[in-house]
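Chains as they are written, first to last, in my numbering: chain B, 128 to 305; chain A, 8 to 74.
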Amino acid sequence: MGPVYYISMFLVVLIICFLCVTLARKCHSDGGKAKYDERQILARGKGYKYAFYAAVFVSFLPIVIPDNIVHFLGSIIYFVPLFVGIMVYISYCIWNDAYLEINLNIKSWIIYMVLIGLFNICLFLLHIKTGYVENGVINISVVNLMMGILCFIVLVELIFKYAFDKRREADDDEEFEA
Amino acid sequence: MTMKNLKLKAARAGKDMSQADLASAVGVSRQTINSIEKGDYNPTIKLCLSICKTLGKTLDEIFWEDE
């Protein structure tokens, strides 16, 4: 794979990012500004803090884990703190009702997560013929698997939270009617 | 120790509003109103005023803690 491949891949990623941002801005009438209330902004801030601590902690793990494992993981090891940070942040936000904007439809978000998760799993499976280990080092395509797993963990959390919220909302409504 | 805001709950019920109705009226999530009622979250003065205006009450009537 020569430089042309990497440049074209970079351009593809750039175009996809541009399309995503344009789509996100179109979805918001106020120019792409997310609508979170004051409690959600506070919770998201705390989420960032915990995610940062988690990412810093995990980034020190290569010091304590054996060298052969570090070598086996290769460049994947640099993605691990990133994924852990993202996971901590998203989980904290979901369980503190700060992940989704006000009045955002959770069902459409669940569909996005399924699509992104499946897309990444498919990308991972595309490398099944070439294999996932080269010269004793794990292939970078495993990042797609990590991303897919992350999406499905978020999906499960969102569904659990949705079910939990529905039950709580029903209890509140019953209390209100009483 | 967290203290439940029963005054807010009573005022909301008095106006025949659900948590979702009040949340929508003041521009916050339903969970935020729920957290305020449960005493898990202390709202800013801006949100307190918005809630009071929506419910037609004063700050004292809803947010002042009795001894």
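Note that beta-carbon positions come from the ideal geometry of N, C-alpha and C, so glycine has one too. For clarity, every value in this text was computed on a predicted model and none was experimentally measured.
Residues of chain A with a CB under 9 angstroms from the CB of residue i: which are they?
| i | result |
| --- | --- |
| D298/B | The premise fails here: D298/B is roughly 10 angstroms from chain A at the closest Cβ pair, so nothing lies under 9 angstroms. |
Pick helix, strand or coil for residue i, following the three-state DSSP scheme.
| i | result |
| --- | --- |
| I265/B | strand |
| V191/B | helix |
| V139/B | helix |
| V270/B | helix |
| V131/B | helix |
| V260/B | strand |
| E228/B | coil |
| I255/B | coil |
| S235/B | helix |
| M240/B | helix |
| N49/A | coil |
| T65/A | coil |
Below 8 angstroms between beta carbons: does that hold for residue i and residue j?
| i | j | result |
| --- | --- | --- |
| K64/A | A20/A | no |
| F246/B | L272/B | no |
| Q38/A | D299/B | no |
| A170/B | G212/B | no |
| H198/B | G263/B | yes |
| F210/B | L277/B | yes |
| I286/B | I237/B | yes |
| I233/B | G275/B | no |
| I221/B | K293/B | no |
| I58/A | L15/A | yes |
| G46/A | K22/A | no |
| I52/A | L62/A | no |
Report back the beta-carbon spacing between residue i and residue j to the nearest angstrom; my notes put them in contact at under 8 angstroms.
| i | j | result |
| --- | --- | --- |
| G54/A | E165/B | The residue you asked about is not Gly; residue 54/A is Leu in the sequence shown. Their Cβ separation, rounded to whole angstroms, is 6 angstroms, which keeps L54/A and E165/B in contact under 8 angstroms. |
| I168/B | P189/B | Not confirmed; about 34 angstroms, so no contact. |
| V270/B | F184/B | V270/B to F184/B, Cβ: 21 angstroms. No contact. |
Could you work out which residues of chain B lie near residue i, taking near to mean beta carbons separated by less than 8 angstroms?
| i | result |
| --- | --- |
| L15/A | Per Cβ cutoff of 8 angstroms: no residues; L15/A is ~13 angstroms from chain B at best. |
| T39/A | D164, E165, R166, Q167 and D224 |
Output, in chain order, the set of chain B residues within a Cβ distance shorter than 7 angstroms of residue i.
| i | result |
| --- | --- |
| S42/A | R166 |
| S36/A | D164, Q167, D224 and I229 |
For a contact meaning CB atoms closer than 9 angstroms, what does residue i contact in chain B?
| i | result |
| --- | --- |
| T51/A | E165 |
Which residue's Cα is closest to the Cα of residue i: the options?
| i | options | result |
| --- | --- | --- |
| I280/B | V215/B, Y205/B, Q167/B and A297/B | V215/B |
| N230/B | L62/A, Y48/A, K60/A and S36/A | S36/A |
| N223/B | D23/A, S31/A, S42/A and G34/A | S42/A |
| S202/B | G174/B, S268/B, I286/B and K293/B | S268/B |
| E261/B | Y219/B, L200/B, K234/B and K293/B | L200/B |
| K173/B | S218/B, K293/B and L253/B | S218/B |
| G244/B | V283/B, I143/B and Y180/B | V283/B |
| P208/B | F187/B, I192/B and H254/B | F187/B |
| L227/B | L141/B, I192/B and K162/B | K162/B |
Using a cut-off of 9 angstroms between C-beta atoms, extract the partners of residue i located in chain E.
| i | result |
| --- | --- |
| L56/A | Given the protein chain composition of this structure (B and A), no chain E is represented. |
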